[in-house]
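Down below is the structure, laid out as structure tokens.
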Amino acid sequence: MIPPPTRRPILRTVLLLLGVQVLLFWNQVRRGTVRARIAWAAMGAALLAAASFLGAWGYALGRLFPSLGRPEMAELVRGIGLAPELFAPDRLLVLLVSVLVTAVWGLILLGGMGSAIEIFYLSSDLELLLAAPIPMRAIFAAKFLQSLGLGYLMLFALAGPALIGLGVGAHFAAPYFLGCLVLLGVLPLLPQSVGMLVVMPLVRLIPPQRLREALSAVGALLATGFYLLTQWGPMERVDAQALVRTVGFLQRGYSAWLPPAWAALGLNALSQGAYGQAALLLGALAVLTAAVYLGCLWLAERLYYTGWANFQAAPRVRGASRKRSARSFRDVQLLPRPLLALVAKDLRLFLRTPQYWTQLLMPLAAFVVLLMQSLRTPAAKSLWAPWIASLLQIGMILLLGMAAVARLGLAGVGSEGPYLWVLRTAPLSARRILWAKWFSAYLPYLALSSLMLGTYAFLGGLDGPTALAGWLYLALAGAGTNAIAVGLGTAMVRLERERTGRPYSPAVGCLYFPLIGGYAAVLGLALALALTGEIFLHLGWVPLAWISRTVGFGATVALACLGLWLPLKIGAERLARLE
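Per my numbering, the sequence shown starts with residue 100, numbered consecutively.
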């Protein structure tokens, strides 16, 4: 007779599961490849450097705090048009800590949602743990504590050195540092538990993989917006009024009734020796955090119990609103129907995959920065300077557009993976498959580059003929560069992307931008030769102007056709020989 399995205490089981995760992580680091060890060492060095920088910054700020209350500093502040009470040490400390706590809560909330999706729904060991004789409550608690690990690491490595350096520089007493440890200990619990609670009902509406990609896109948008804010406005001098407005904005967002202010006022009270007030404020923050944490943990646990099995077993039911008519693809025969079906499939995946949208953010942010810098740059008095600046801007639009859609071109064939063999059994030649992949990359590129060029022409005052010539160049050069991307990705394709994580060879990244940059430069020279006909015409050299136009436009069209035909031909031959 087999005895029934004994039930372990929940705390002991949680510690056992966490110990197994730590052991697995250590074995992964200890027995990993040399490349993995170098990557871990580089990340550790980067984290240590960031912690050292923030600690030094906090120390310098702490050394500055005592001098802010001196009479000579008040006279200096009043002399540049600022109110001295805005720079009182106590007020600045409260504002800075309050802003720091709010920013950390926002980052942990967004990161906690992503880690909850990864650990609770996309973890590879989840099904094995649910089948084991382990209490479900212990699995949930262990997973939640595991999701807190990264947040605590980043918090103690980044926010900790800044607060401790501030206390060392300002010569605060020892209770201040104890309060910093208490604050850092309770800080991640509230946003992490709220993020976990928000994730539980969302995964019933949105697949976890899509939800994680959407959160990545939101994070990229926030990072891009913050970067654009840092680039907005001239940085050559400090504007006193802008500094006053910044401090006033921070003051308006501050309220003593909000939990971030409790943390700031508690640390400020510790720095002044008011230990009773500090204990009251930090204790209230700890009690509120514990109450919200336990409540969210209880609710999320129930939602997780009832939702995981349904999520694994029940298929998603698509409503009638999600059904799309294919009438436009049947009625409009701009392309052969099989080729049009491939293009429609790739474009729908492009619209539905947040990873593709995330790739658009950095090129668009770079375009906005370049546009702002070009608008702020004073116009040169030279006759050729605006024309050269416009050509450089159009060339940057080409490179940014290609960077935005690089994944569509380079990974066009490789993104099919093992389903490429199913596609090869269809009545489609290799040449038509590559033409479909070219259309799938070229159409988003043309739309994006046209949008950027139109924005630059409208805001930068670009004249009509130059804008039209720039659009013609972007259309012709984009046709060739996208063909180079598709042909290069097909010639060095890797169909085992599940194992390698990349649908093409690493050598593609070394060849891609030099090839498209060289091709775009040669095509630009040919188009510039055609445009110099206008200069010869103004000088009265009519025959030379017609020769320049004919040779330039002829060379431009020939190079565009060659750049479109040759890479696709090479890629089609490689695809036909692929076994």
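Using N, Cα and C, we set each Cβ at its ideal position, and we do this for glycine too.
Item	Value
Go ahead and pull the three-state DSSP assignment for Y603.	strand
Starting from the C-beta of R423, find all residues in its chain whose C-beta is less than 7 Å away, skip the five residues before and the five after it, and write them out in chain order.	Residue placement at R423 is flagged as unreliable, the pLDDT there being 43, under the threshold of 50; a coordinate-derived value is accordingly withheld.
Run the CB neighbour count on V133, radius 10 Å, all protein chains shown included, and call it buried at 16 or more, exposed below.	exposed
Flag this pair as touching only if the stretch 646 to 653 and the stretch 663 to 676 have three or more C-beta atom pairs under 8 Å; answer yes or no.	no
Work out the CA separation of L567 and A680 for me, nearest whole Å.	Residue 680 is absent from the structure shown; the chain starts at 100 and stops at 678.
So what does DSSP say about P333, is it helix, strand or coil?	Unreliable placement is indicated for P333, whose pLDDT of 47 sits below 50; the coordinate value is still reported in the next sentence. Three-state result, P333: coil.
What do you reckon, are the CB atoms on I487 and S548 nearer than 9 Å?	no
Rounded to whole angstroms, how far is the Cβ of L244 from the Cβ of L117, which I believe are closer than 8 Å?	6 Å
Measuring straight from C-alpha to C-alpha, what distance separates L146 and A256?	7 Å
Pull up the DSSP beta-bridge partners for V113, would you.	Paired residues: none, contrary to the question.
Closer than 8 Å is the cut-off here; do at least three beta carbon pairs connect the stretch 531 to 547 with the stretch 563 to 582?	yes
Are the CB atoms of L552 and I493 within a distance shorter than 9 Å?	yes
G210: buried (16+ other C-beta within 10 angstroms of its C-beta) or exposed?	buried
What do you get for G639, buried or exposed, if any count of 16 or more other CB atoms within 10 angstroms of its CB means buried?	exposed
Just mark Q458 as buried or exposed, buried being the case when its beta carbon has 16 or more other beta carbons within 10 Å.	buried
Applying the criterion that 16 or more other CB atoms from any shown protein chain within 10 Å of the CB defines a buried residue, is N126 buried or exposed?	exposed
Going by other Cβ atoms of all chains shown within 10 Å of its Cβ, with 16 needed for buried, is D562 buried or exposed?	exposed
Could you tell me whether the Cβ atoms of A269 and R162 are closer together than 9 Å?	yes
Leaving out the 5 sequence neighbours to the left and right, which residues in its chain are closer than 7 Å to L262 when beta-carbon positions are compared?	G157 and C279
Do the CB positions of V298 and I216 come within less than 9 Å of each other?	yes
What would DSSP say about V504, mapped onto helix, strand or coil?	coil
With a Cβ-Cβ cutoff of 9 Å, do S292 and L396 count as a contact?	yes
Rounded to the nearest angstrom, what separates P108 and A230 at their Cα positions?	18 Å
Could you give the distance in angstroms between the alpha-carbon of R130 and the alpha-carbon of A138?	14 Å
Starting from A556, trace the alpha helix (DSSP H) in both directions and tell me its first and last residue.	A529 to G559
Whose C-alpha, out of L381, A362, G365 and M212, is nearest the C-alpha of A313?	M212
Excluding the 5 residues preceding and the 5 following T524 in the sequence, name in chain order all residues of the same chain whose CB lies nearer than 8 Å to its CB.	none
Assign E515 to one of two classes, buried (16 or more other C-beta atoms within 10 Å of its C-beta) or exposed (fewer than that).	buried
Exposed or buried, which one is V193 when buried takes at least 16 other CB atoms within 10 Å?	buried
Should R129 be listed as close to the ligand MN, given that the test is whether its C-beta is under 8 Å from any heavy atom?	Absent from the structure shown: the ligand MN. Ligands present: none.
Classify V512 as helix, strand or coil using the three-state DSSP reduction.	coil
Pull up the DSSP beta-bridge partners for V592, would you.	Y603
Measure the C-alpha to C-alpha separation of P287 and A148 and round it to an integer number of angstroms.	23 Å
Between which two residues does the alpha helix (DSSP H) containing S370 stretch?	P358 to Q371
If we call anything under 9 Å between Cβ atoms a contact, is R658 one with A625?	Here residue 658 turns out to be Leu, not Arg, going by the sequence shown. Their beta carbons are under 9 Å apart, which means L658 touches A625 by this criterion.
Reducing DSSP to helix, strand and coil, say where D189 ends up.	helix
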